[in-house]
Each structure stands twice: as structure tokens, then as C-alpha cells.
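Structure first, then comments.
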Amino acid sequence: MADVHAELKGVTRVYPAQGRQAEVHALGPVDLTLRQGEFFSVVGPSGCGKSTLMDVLSGLGAPTDGTVTFEGKPVRGDVPDGVGVVFQEDSSFPWLTVWDNVAFGLRRAGVPETEIKEGVAYALSFMGLESFAHAYPAQLSGGMRQRVCIARTLVMRPRLILMDEPFGALDQQTRLLMGDELLRLWRETGATVLFITHALDEAAMLSDRIGVMSSRPGRLIEVVETHWPRERDSRVAASDPFGHITGHLWSLLRTESLKAMGKSPAPESTPEAAKGPAEPRPFKKRPSNRREDAA
Amino acid sequence: MTRIGWIRLGVVVGAVLLLEVLCRTGVIDPQTVIAPSAMAVALFDLLRSGEMNADIASTLTNVAIAFVAAVVGGFAIGVGLHAVPPLRRAADPLLATYYAIPFFVFYPVLIALFGMNDLPIIVIGFLFAVVAMVINTLNGLDRIPPVLLKTARLMHMGPLNTALRVKLPSAAPYLFTGVKLAVAYAFIGVIAAEFILSTSGLGYSIAYAYNNFDNARMYALMLFIIILVTAVNMAFYVWEQNQMQRRRRPS
Chain A
46 MADVHAELKG VTRVYPAQGR QAEVHALGPV DLTLRQGEFF SVVGPSGCGK STLMDVLSGL
106 GAPTDGTVTF EGKPVRGDVP DGVGVVFQED SSFPWLTVWD NVAFGLRRAG VPETEIKEGV
166 AYALSFMGLE SFAHAYPAQL SGGMRQRVCI ARTLVMRPRL ILMDEPFGAL DQQTRLLMGD
226 ELLRLWRETG ATVLFITHAL DEAAMLSDRI GVMSSRPGRL IEVVETHWPR ERDSRVAASD
286 PFGHITGHLW SLLRTESLKA MGKSPAPEST PEAAKGPAEP RPFKKRPSNR REDAA
Chain B
73 MTRIGWIRLG VVVGAVLLLE VLCRTGVIDP QTVIAPSAMA VALFDLLRSG EMNADIASTL
133 TNVAIAFVAA VVGGFAIGVG LHAVPPLRRA ADPLLATYYA IPFFVFYPVL IALFGMNDLP
193 IIVIGFLFAV VAMVINTLNG LDRIPPVLLK TARLMHMGPL NTALRVKLPS AAPYLFTGVK
253 LAVAYAFIGV IAAEFILSTS GLGYSIAYAY NNFDNARMYA LMLFIIILVT AVNMAFYVWE
313 QNQMQRRRRP S
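Just so you know, the protein sequences line up as chains A and B, in that order. Using my numbering, the letters of the first sequence map in sequence onto residues 46 to 340. Using my numbering, the letters of the second sequence map in sequence onto residues 73 to 323.
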């Protein structure tokens, strides 16, 4: 077994009651070990605490219970050096050029200007942004802006990169291509990647291992190994195992997703039943109190 | 210039020409309105004579003091309210209804408090402008995307660094709006206050000319104020465009 890079042990996160809102048990308990240099994805139904998991692992949020360690040192409420985060939302600074955006973190860290120049030039060329160095984010497409954010993370040479649905706002073609670039980045930097996504195919395509989370409070219900070679790209989506992996992920998640939508799963959809070839069932109309139903 | 720009210019020039023709042909009595060309000539003579210089200087000084105090004070109050949420929630309805109050009713109080000098005028200009700055400061701070603050934490930035390098530039477009409104409101407050409670300044001079049936001077001064305020607003507009253009999506 490869070296442990980051570890969560018995981690839970409970958001305390606020005003009229009752307390929310968002996560856990979760045990998770990230191996040095692996590409680990987390999938789960919406609202299952995926983002909370990332907050806790990055140190942006402290766990209510349990311990988080990164490279053997405990993480609690502060982001350790060597951890980079890419968010779903565009987090580029609109008042800075692409170049200054990417250089921002290095400048805050007091890196000498010559090193900043080198680092930024490398990160921009890696992400294919050289010709946009002097553009402002508003002049770029959503995909290009997300590249700027990735370049800004990359330039800090993180050893653990956490990504919270970074391609969630992009169209499917752009997402596939960004996935390829991400794999290239992962291979060349040797960093460990934790990738949160709601797209099962994206998880199956990119990852070494995929953690499947339950509906809230999110726990890991299974970790799926893909056995892809390290040299891979989005073309694995055309292979047989890809279909099996994606199908298996869905069979695990279907029940949880129904629960997350506030519906109890039908008795046929127990894991045992899901393994066999299920007969297509007519779509049952969901009880709804919406206006158009009454009309 | 764009087509829209030409249309806009055409409307303004057309309105001025129409007024000119109506005045020159006697449709509008010169006792009521004088022709725009006569206003311009009267203004030129008035400015050349130099007799208005002291009044112009007094008004501009009052506006400048009220404006700077409103921008600095409004920004400080906005930051303070934003930092203390319960205070903010308490103040919100007061801020929202603030402009429903006709300030000029306080004119006797201000005279009683500060005496018959420039101070009550400046205070009215300030009161008129400050809340626009407070509201826009709060608006700007509210709209800082949380993800930018998370990014600042990722980069281990302290509170001061975060305020100066992330919060301030992120809120800047709203602060610009506050500044632009503050300058307009400071002008309105000061000139209107001069009408009723002053013995000098442009507002006072207009009121004085009006009371003495001196139409040429009255309209010349009104034209002067319009030109002055337009020029100041244009300057702020150009400044804002220069600062903000790159942050907007090209349309």
C-alpha cells in the first residue's frame, strides 16, 4: 500500500442551530485515507456534505469531531502549506489581469520577483493562457476563467489539490477537455488530487479511486477502484470498464439520491435487486403540490 | 460617436434651439424665460466682470467640504455597520426611509444650532450625501463573493491585507456609485440650502436675482450651475470608466 498523504478519522461536521433553523448534521462520521499521488474523486447525492468534506480537509473549516491529518500533521481550522483549492465558483479577482491573478499568491508569500515571473510564466503556459496574460477575467469565457483559477493554484506548487466541482458550471465538451488537462496536471506535478463532483462519468473517467457518499449526513458507503493506468485521458470513456464503473456508481447512488430527494426507495431497488438486470419500470409520477398539477 | 449618441445630442440641441426660437419670436415672454443665447451672453459678461467669483468660490468650497465629509464619513459608517450585524439590522429600516425626510424642515434648528454662516449649509449638504455613501458601502461589502474571502484565507492573508487587497477592490464598483451620488447630493443640498439660509453663494445669488426681477442674471447663474454640475459629473464618469471598464464584460 502506498504512503498515506492525508487522512480523515471519524470526522463529523455539525452546523449549530441558527435562529429558527435547527442544527444540521452535515457530515460523517467519515474515515478516508488519501494515498500519496492518487486521484481520488468523491461522488454523492446533492446536499450530502461533499463540500463540507472538502472544507474540513483543506482546513477552511474545522471538524466538529474527529481528526484530519495532512503529511502526518494535524489540520484544524487553518490551511496548511502545500494544500491548494479550486472552487466551483469563479474565484478569479476581476480587478486584476490574468498574470496578476496567478502571481497574487506568490506575492503574498513574499517570493522574489524573478521566481514569480518564472512560476507564473510556467503556470500560464501549462494552462494555455499565455496569450491572455494581460486580459482581465471579464474578457474570458467561464472555462478560461476556471483555468486562471487552476493556474493560480498550480503556481503555488501544492502537494494536495482539492477541487470542489471545478467544472460544474461548464458545458460538457469543455468539461471533458478540462478533465484531460487536469489529468496532465496531476501526472506532471505528482500531486494528490481530491476531486469532488456530481458527475458519475467524470468521476469514473478521471479517478484512481472513487468514494461514494450517502445522503446527509454524508458517510462513505463504498470506495470503488478503477484500475486505470496513470497515462490516461478522456478516451477511457469509450472502454468497457468505464460503463461498468459508471453503472456500479449509479447502482450505489440511486437509493441515496432518492433519499436525498425526500423519497423512500422502492423495495425493488435494494442493492441485491440492483445487481441483476432490472426490468425497465414505467416512470411513476411524483406526488407534487405544485400549481400546474392542480390546473 | 454612436448612432444613439447622435440622437441624444440631437434631442438636447433641438430642445435648446426650440426654446431659442420660441423666445425670439415672442411666443415665450422674456419676463418669463430669456433666450438661451441671451443666457450665454449674460453668463459670459457676469463671469468676465468677476463679481460672482466670491460666490462661486464659497459654493464650491461648501460642496467640497460636504462631499469629502460625506464620502469619508459614509464609508466609515458603512464599514462599521457591516462589521456589527445586530447594529446593521437595527439601522437598515432607518437607512431605507432616510430619504423620505425633507431635510430642509430642519433649517430653523440648524440656524439655531450653528448660527447664520456656512456651517448649516455644509451640514445640509453632508446630511443629503452621507447616507447614499453608507448604503452603497454596505451594498458593496454585502456583494463580495464569499469565495474570494475563502481564497484570501487559502493565501494566509490577515484581516488588514484581506480588507485592502480583496474586500476594497471587490466593493469598488459600489463605492464609485456612492461617490458619484454623494457629489450630486452635496451639490443639491448646498445650493438648495443657500436659497433659503444664506447671504452668499450661487443659490443665494439666484434667489436674489429672482427677487429683483433680474432675469438675465438669474438665468445666467442657472446655466452656470448646470454646466458646472455636468462637468463635475462627467469628470467622475470618465474616472469611473477608466477604473472599471476592464472589469465589465464587453457587450
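Glycine is no exception: its CB is placed at the ideal position from the N, C-alpha and C atoms. Every value quoted in this text rests on a predicted model; they were computed, and no experiment measured them.
Q: Tell me, to the nearest whole angstrom, how far the beta carbon of Thr234/B is from that of Gly150/B; I am working on the premise that it is less than 8 Å.
A: Numbered from its first residue, the second sequence carries residue 234/B at position 162. Numbered from its first residue, the second sequence carries residue 150/B at position 78. Actually they do not touch by this definition, with Cβ atoms about 17 Å apart.
Exercise for the section: State buried or exposed for Ile278/B, treating a residue as buried only when at least 16 other CB atoms are found within 10 Å of its CB. Expected result: Counting from one through the second sequence, the residue named residue 278/B turns up at place 206. Result: buried.
- When burial is assigned at 16 or more other CB atoms within 10 Å of the CB, is Asp253/A buried or exposed? Your numbering for residue 253/A matches position 208 in the first sequence. Buried.
* What is the rounded straight-line gap between the Cα of Arg318/B and the Cα of Leu222/A? -> The count along the second sequence starts at 1 and reaches residue 318/B at position 246. The count along the first sequence starts at 1 and reaches residue 222/A at position 177. C-alpha of Arg318/B to C-alpha of Leu222/A: approximately 28 Å in a straight line.
Backbone CA spacing between Gly292/A and Gly155/A [nearest angstrom]: Translated into the one-based positions of the first sequence, residue 292/A becomes position 247. Translated into the one-based positions of the first sequence, residue 155/A becomes position 110. Each residue's alpha carbon lies about 48 Å from the other.
Handout entry: Length of the line joining the Cα atoms of Arg65/A and Gly104/A
Key = Locating residue 65/A in the first sequence gives position 20, counting from the first residue. Locating residue 104/A in the first sequence gives position 59, counting from the first residue. C-alpha separation (whole angstroms): 28 Å.
Next item on the list: Rounded to whole angstroms, what's the CA-CA distance from Gly261/B to Asn305/B? Just pull it up for me.
Entry: For this step, residue 261/B is matched to residue 189 along the second sequence. For this step, residue 305/B is matched to residue 233 along the second sequence. About 16 Å.
So the beta strand (DSSP E) His243/A belongs to, where does it begin and stop? Translated into positions along the first sequence, residue 243/A becomes position 198. From DSSP, His243/A is part of no beta strand (DSSP E); its letter is neither H nor E.
The alpha helix (DSSP H) enclosing Ile255/A, as first and last residue numbers: Here residue 255/A refers to the residue found at position 210 when the first sequence is read from its first residue. Looking at the DSSP string, Ile255/A is not in any alpha helix (DSSP H); the run it does join, the beta strand (DSSP E), is Arg254 to Met258.
* Who are the neighbours of Phe138/A on chain B, taking C-beta pairs under 9 Å? -> Here residue 138/A corresponds to residue number 93 of the first sequence, with the count starting at 1. Chain B residues near Phe138/A: Leu220, Thr223, Arg237, Val238, Pro241 and Ser242.
For Pro192/B, would you say it is in contact with chain A, using Cβ-to-Cβ distances shorter than 9 Å as the test? Start at 1 with the first residue of the second sequence, and residue 192/B comes out as number 120. Under the Cβ distance rule, Pro192/B does not count among the residues neighbouring chain A, no pair being separated by less than 9 Å.
task = Please report how far the alpha carbon of Met205/B lies from the alpha carbon of Ala254/B, in whole angstroms.
result = Reading the second sequence from its first residue, position 133 is the one you call residue 205/B. Reading the second sequence from its first residue, position 182 is the one you call residue 254/B. Ala254/B has its alpha-carbon roughly 6 Å from the corresponding atom of Met205/B.
Any chain A beta carbon closer than 9 Å to Met229/B = In the second sequence, the residue the question calls residue 229/B occupies position 157. It does: the Cβ of Met229/B has a partner Cβ on chain A nearer than 9 Å.
His289/A classed as buried or exposed, judged by whether at least 16 other C-beta atoms fall within 10 angstroms
What you label residue 289/A is simply residue 244 of the first sequence in a count that begins at 1. Here His289/A is exposed. Its C-beta has fewer than 16 other C-beta atoms within 10 Å.
Item checked: Per-residue burial, Asn125/B [other beta carbons within 10 Å of its own, 16 or more giving buried] -> The residue you call residue 125/B lines up with position 53 of the second sequence. Counting of Cβ neighbours within 10 angstroms places Asn125/B among the exposed residues, the total staying below 16.
Starting from the beta carbon of Leu228/A, find every residue of chain B whose beta carbon is closer than 9 Å, and list them in chain order. Along the first sequence, read from residue 1 onward, the residue named residue 228/A stands at position 183. Listed along the chain, the chain B residues whose CB falls inside 9 Å of the CB of Leu228/A amount to none; the nearest CB is some 23 Å away.
>> Could you compute how far the alpha carbon of Ile193/B sits from the alpha carbon of Ala214/A?
In response: Taking the first residue of the second sequence as position 1, residue 193/B is located at position 121. Taking the first residue of the first sequence as position 1, residue 214/A is located at position 169. Whole-angstrom Cα-Cα distance: 53 Å.
Item to check | Exposure label - Glu301/A; buried when at least 16 CB within 10 Å | outcome: Mapped onto the first sequence, residue 301/A falls at position 256. By the neighbour-count criterion, in which 16 or more other beta carbons inside 10 Å mark a residue as buried, Glu301/A falls on the buried side.
Best match in Leu199/A, Ala67/A and Thr142/A for proximity to Phe177/A [C-alpha to C-alpha]
Numbered from 1 along the first sequence, position 132 holds the residue referred to as residue 177/A. Of the listed residues, the one whose Cα sits closest to Phe177/A is Thr142/A.
Taking Cβ to Cβ, would you say Ala150/A is nearer than 9 Å to Met201/A?
Walking along the first sequence from the start, residue 150/A turns up at place 105. Walking along the first sequence from the start, residue 201/A turns up at place 156. In the sequence on display, residue 150/A carries Gly and not Ala. Yes, they are a contact pair.
Margin query: With distance defined between alpha-carbon atoms, name the residue in Phe176/B, His154/B, Arg237/B and Phe308/B nearest to Arg153/A.
Written below: In the first sequence, counting from the first residue as 1, residue 153/A sits at position 108. Nearest C-alpha to Arg153/A: Arg237/B.
#### Entry: Below-9 Å beta-carbon distance, Arg58/A vs any chain B residue
Mapped onto the first sequence, residue 58/A falls at position 13. Not an interface residue.
**Asked** When the cut-off is 9 Å and only beta carbons count, does Val281/A lie next to chain B?
**Response** Here residue 281/A is taken as the residue at index 236 of the first sequence, counted from 1. Proximity of Val281/A to chain B, defined by a Cβ-Cβ separation below 9 Å, is not satisfied.
List, in chain order, every chain D residue whose beta-carbon is nearer than 7 Å to that of Gly150/A. Here chain D cannot be found, since the structure's protein chains are A and B.
Checklist line | 9 Å Cβ cutoff, Glu134/A in contact with chain B | finding: Sequence index remark: in the first sequence, residue 134/A carries index 89 (1-based). The beta carbon of Glu134/A sits closer than 9 Å to some beta carbon of chain B.
ask   = Closest Cβ-Cβ distance between Gln218/A and chain B: below 9 Å?
value = Taking the first residue of the first sequence as position 1, residue 218/A is located at position 173. With 9 Å as the cut-off, Gln218/A does not count as an interface residue toward chain B.
Discussion item. Which residues in chain B have a C-beta closer than 9 Å to the C-beta of Val88/A? List them in chain order.
Written reply: Position 43 of the first sequence, counted from the start, is the residue given in the question as residue 88/A. Contacts between Val88/A and chain B, judged by CB atoms closer than 9 Å, are missing: the closest CB pair is about 22 Å apart.
For this session: Could you confirm whether any beta carbon from chain A is found closer than 9 Å to the beta carbon of Asn211/B?
Result: On the second sequence, residue 211/B is found 139 positions in, with the first residue counted as 1. Closer than 9 Å: no.
Can a CB atom of chain B be found closer than 9 Å to the CB of Gln191/A? Position 146 of the first sequence, counted from the start, is the residue given in the question as residue 191/A. No Cβ of chain B is located within less than 9 Å of the beta carbon of Gln191/A.
Check whether the Cβ of Asn233/B lies closer than 9 Å to any Cβ atom in chain A.
Sequence index remark: in the second sequence, residue 233/B carries index 161 (1-based). Chain A contact via Cβ: present.
9 Å Cβ cutoff, Pro157/B in contact with chain A:
The sequence position of residue 157/B within the second sequence is 85, counting from 1. Chain A contact via Cβ: absent.
Taking Cβ to Cβ, would you say Val59/A is nearer than 9 Å to His70/A? Translated into positions along the first sequence, residue 59/A becomes position 14. Translated into positions along the first sequence, residue 70/A becomes position 25. A contact, by the Cβ cut-off of 9 Å.
| field | Cβ pair Met250/A, Phe212/A closer than 9 Å | value | For the purposes of this step, residue 250/A is taken as the residue at position 205 of the first sequence. For the purposes of this step, residue 212/A is taken as the residue at position 167 of the first sequence. Judged by beta-carbon spacing, Phe212/A lies beyond the 9 Å limit of Met250/A, meaning their Cβ atoms are not closer than that value.
* To do: Report yes if the CB atom of Gly89/A is closer than 9 Å to the CB atom of Gly263/A, and no otherwise.
  => Within the first sequence, numbered from 1, the residue matching residue 89/A stands at position 44. Within the first sequence, numbered from 1, the residue matching residue 263/A stands at position 218. Yes, the pair counts as a contact, with Cβ atoms nearer than the cut-off.
Query - Which of helix, strand or coil DSSP assigns to Gly263/A - result: For the purposes of this step, residue 263/A is taken as the residue at position 218 of the first sequence. In the three-state scheme derived from DSSP, where H, G and I count as helix and E and B as strand, Gly263/A is classed as strand.
- prompt: For the candidate residues Met290/B, Ala201/B, Ile298/B and Ala163/B, whose alpha-carbon lies nearest to that of Phe139/B?
  reply: Stepping through the second sequence from its first residue, residue 139/B is reached at position 67. Nearest C-alpha to Phe139/B: Ala201/B.
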